[in-house]
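Asker: Have a look at this one before I ask anything.
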Amino acid sequence: MWESKNIETNTIHGGKKSQGEHGPLSTPIYQTSTFVFDDVQQGADRFAGDAQGHIYSRLGNPTVDELEARMAVLEETETAAAFGSGMGAVSAAIFGLLKAGDHLITSHRLYGCTFALFNHQLPAFGIEVSFVDLADEQAVRAAIQPNTKVIYGETPINPCLTVIDLNSIAAIGQEHGIITVIDNTFMSPILQRPATHGIDLVLHSATKYLNGHGDVVAGILCGPRELIDHIKMTTRKDMGAVMSPHDAWLVIRGLKTLHLRVQRHCENAQVVAEHLQGHSAIEKVYYPGLPDHPGYRLLGTQMHGAGGVMAFELKCSFEQAVAFINQLKMCKRAVSLGDAETLIQHPASMTHSTYAPEELAEAGISRTLIRLAVGLENAEDIMADLDQALASIL
1 MWESKNIETN
11 TIHGGKKSQG
21 EHGPLSTPIY
31 QTSTFVFDDV
41 QQGADRFAGD
51 AQGHIYSRLG
61 NPTVDELEAR
71 MAVLEETETA
81 AAFGSGMGAV
91 SAAIFGLLKA
101 GDHLITSHRL
111 YGCTFALFNH
121 QLPAFGIEVS
131 FVDLADEQAV
141 RAAIQPNTKV
151 IYGETPINPC
161 LTVIDLNSIA
171 AIGQEHGIIT
181 VIDNTFMSPI
191 LQRPATHGID
201 LVLHSATKYL
211 NGHGDVVAGI
221 LCGPRELIDH
231 IKMTTRKDMG
241 AVMSPHDAWL
251 VIRGLKTLHL
261 RVQRHCENAQ
271 VVAEHLQGHS
281 AIEKVYYPGL
291 PDHPGYRLLG
301 TQMHGAGGVM
311 AFELKCSFEQ
321 AVAFINQLKM
331 CKRAVSLGDA
341 ETLIQHPASM
351 THSTYAPEEL
361 AEAGISRTLI
371 RLAVGLENAE
381 DIMADLDQAL
391 ASIL
């Protein structure tokens, strides 16, 4: 296994293992459910943890193992665990770390399904949840209780692109013995590596930038071996949100072009954000690459780029906002992000529809807020499509 100091090289070579006597350049897909033992004793030793080797693909698979090794290199953590979806990673981490009587601090803005898990499911299991502004250090400190075990956040936050100071959150966690978990999906390890700022666990919906081709649903959790092994051998094993070998292979394929793709996403998004900021039909653009965005101050330190996702507030009615989205020709009406195609969606009725109206208002998600995941097309074509659709509401 060979590693570089440069992430561009590590997306291709980092964590790659020797593939045996045949020497394939591409990682093989070990499309098998179970593994054969030489004898009963070998099987018993593997189940007991006294011998290395594979048992059953829900517990571990060579293709999945390689993806985990590659992601640990990219996120600069000891190890990683792969899951069948991003929400599989979220739920396995949370239920692996919390029990009845524990307390979770999280953001009042979150991806809709994460919010639903925290707001609707966790209380049913006796887990208390406080929703606060994680960008406000004093609000986070004020929410800490004796039973607080985890602080969970996204940065930038979906969909309004609020940026959380990772050093601040990590310091609070270390001071109080609280495990910190950050969803790094919007940045990818190319632009941000939370573990290097002291965050304990780093989470990804690998469906997005890591895979990058819109053909996989997958999740990744990176962190210290003790925590990751605990989650692997409890909630991942017993609840079963495992990644298939074929999906692992597809994400490995995506990682090879991750640096080039993210660079292009960022370049296009910056141009598009600046263009939209000056448009008469738009009230406000939320993008960390714009100087008036509060997260702009962390560019070059915490973040090495502003990413490919933005949100903008239209100066119009809800009906006109719907008409704008429906008028688009090239930009695709679809949730998700990180694909080659530019994707556009309406958070209040799509990704964040799990929020009640008052919760949407508290999170700052209006009925005229639009989220745009800028793709890899020519930026001029993206802007032309947006302009012709915006003309319909002027």
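Per UniProt numbering, the very first residue in the sequence shown carries number 1; after that it's consecutive. A virtual CB, placed ideally from N, CA and C, is assigned to each residue, including glycine. All of these numbers come straight from a predicted model, not from anything done at the bench.
(1) Going by C-alpha distance, which of 257, 63, 96 is nearest residue 189?
(2) I need the DSSP call for residue 265, collapsed to helix, strand or coil.
(3) Given a threshold of 16 other Cβ atoms within 10 Å of its Cβ, counted over all protein chains shown, does residue 55 qualify as buried or as exposed?
(4) Helix, strand or coil for residue 132, going by three-state DSSP, please let me know.
(5) Looking at residue 415: is its Cβ nearer than 8 Å to the Cβ of residue 7?
(6) Could you pull out every residue in the same chain whose Cβ sits closer than 8 Å to the Cβ of residue 160, ignoring the five residues on either side in sequence?
(7) Just the Cα atoms here: how many angstroms apart are residue 223 and residue 196?
(8) Once the 5 residues before and after residue 59 are set aside, which same chain residues still bring their CB inside 7 Å of it?
(9) What residue range does the beta strand (DSSP E) around residue 182 cover?
(10) Contact check, residue 83 vs residue 218 under 8 Å by CB: the rounded distance?
(11) So the beta strand (DSSP E) residue 354 belongs to, where does it begin and stop?
(12) Exposed or buried, what is residue 57 when buried is set at 16 or more other beta-carbons lying within 10 Å of its beta-carbon?
(13) Are the beta-carbon atoms of residue 220 and residue 204 separated by less than 8 Å?
(14) Nearest CA to the CA of residue 201: which residue from 186, 153, 163, 234?
(15) My assumption, with CB atoms under 8 Å, is that residue 17 sits in contact with residue 66. Please give the rounded CB distance.
(16) If distances are taken between C-alpha atoms only, which option among 28, 295, 21, 119 comes closest to residue 251?
(17) Report buried or exposed for residue 70, applying the criterion of at least 16 other Cβ atoms within 10 angstroms of its Cβ.
(18) Below 6 Å CB to CB, which residues in the same chain sit around residue 339 once its five sequence neighbours on both sides are set aside?
(19) DSSP on residue 365, reduced to helix/strand/coil?
(20) Taking the runs of the alpha helix (DSSP H) that are 4 residues or longer, which of them lie wholly in the stretch 171-244?
(21) Which word fits residue 38, buried or exposed, when buried means at least 16 other C-beta atoms lie within 10 angstroms of its C-beta?
(22) Let me make sure I understand the geometry here. Which of 380, 350, 294, 143 has the alpha-carbon closest to that of residue 112?
(23) Taking the C-alpha atoms as reference points, what is the distance between residue 263 and residue 273?
(24) Can you say whether residue 306 is buried or exposed, counting buried as having 16 or more other CB atoms within 10 angstroms of its CB?
(25) May I have a chain-ordered list of the alpha helix (DSSP H) segments no shorter than 4 residues that lie completely inside the stretch 265-296?
(26) Could you check what DSSP says for residue 37 in three-state terms: helix, strand or coil?
(27) By a C-beta neighbour count over all protein chains shown, 10 Å radius and 16 as the cutoff for buried, is residue 329 buried or exposed?
(28) For a quick check, are the C-beta atoms of residue 90 and residue 114 less than 8 Å apart?
(29) Quick one: complete alpha helix (DSSP H) runs, 4+ long, within the stretch 29-82?
(30) Residue 357: buried (16+ other C-beta within 10 angstroms of its C-beta) or exposed?
(31) Could you check the C-alpha separation between residue 13 and residue 208 for me, to the nearest Å?
(32) Taking all protein chains shown into account, do 16 or more other C-beta atoms lie within 10 angstroms of the C-beta of residue 186, making it buried, or fewer, making it exposed?
(33) Using only the alpha-carbon positions, how far apart do residue 389 and residue 344 sit?
(34) Return helix, strand or coil for residue 344, following the three-state DSSP convention.
(35) Using the rule of at least 16 other Cβ atoms within 10 Å of the residue's Cβ for burial, across every protein chain shown, is residue 85 buried or exposed?
(36) By how many angstroms is the C-alpha of residue 284 removed from the C-alpha of residue 302?
Answerer: With the given structure in hand:
(1) Of the candidates 257, 63, 96, the one whose C-alpha sits nearest the C-alpha of residue 189 is 257.
(2) It is helical.
(3) exposed
(4) strand
(5) The requested residue 415 does not occur in the structure, where the chain is confined to residues 1 to 394.
(6) The residues are 109, 286, 311, 363, 364, 365, 369.
(7) Taking the straight line from one Cα to the other gives about 11 Å.
(8) 237
(9) 179-183
(10) Confirmed, about 7 Å.
(11) Residue 354 -> no beta strand (DSSP E), and no H or E assigned at all.
(12) buried
(13) Annotated as proximal: residue 220 and residue 204, with beta-carbon spacing under 8 Å.
(14) 153
(15) 6 Å
(16) 28
(17) buried
(18) Result list for residue 339: 214, in chain order.
(19) coil
(20) Counting whole runs of 4 or more residues, the stretch 171-244 contains the alpha helix (DSSP H) stretches 188-191, 225-231.
(21) exposed
(22) 350
(23) 15 Å
(24) buried
(25) none
(26) The answer is coil: DSSP assigns residue 37 none of H, G, I, E or B.
(27) exposed
(28) yes
(29) 40-48, 62-75
(30) The C-beta of residue 357 has fewer than 16 other C-beta atoms within 10 Å across all chains shown, which makes the residue exposed.
(31) 21 Å
(32) It is buried - the Cβ of residue 186 has at least 16 other Cβ atoms within 10 Å.
(33) Distance between the alpha carbons of residue 389 and residue 344: 12 Å.
(34) strand
(35) buried
(36) 24 Å
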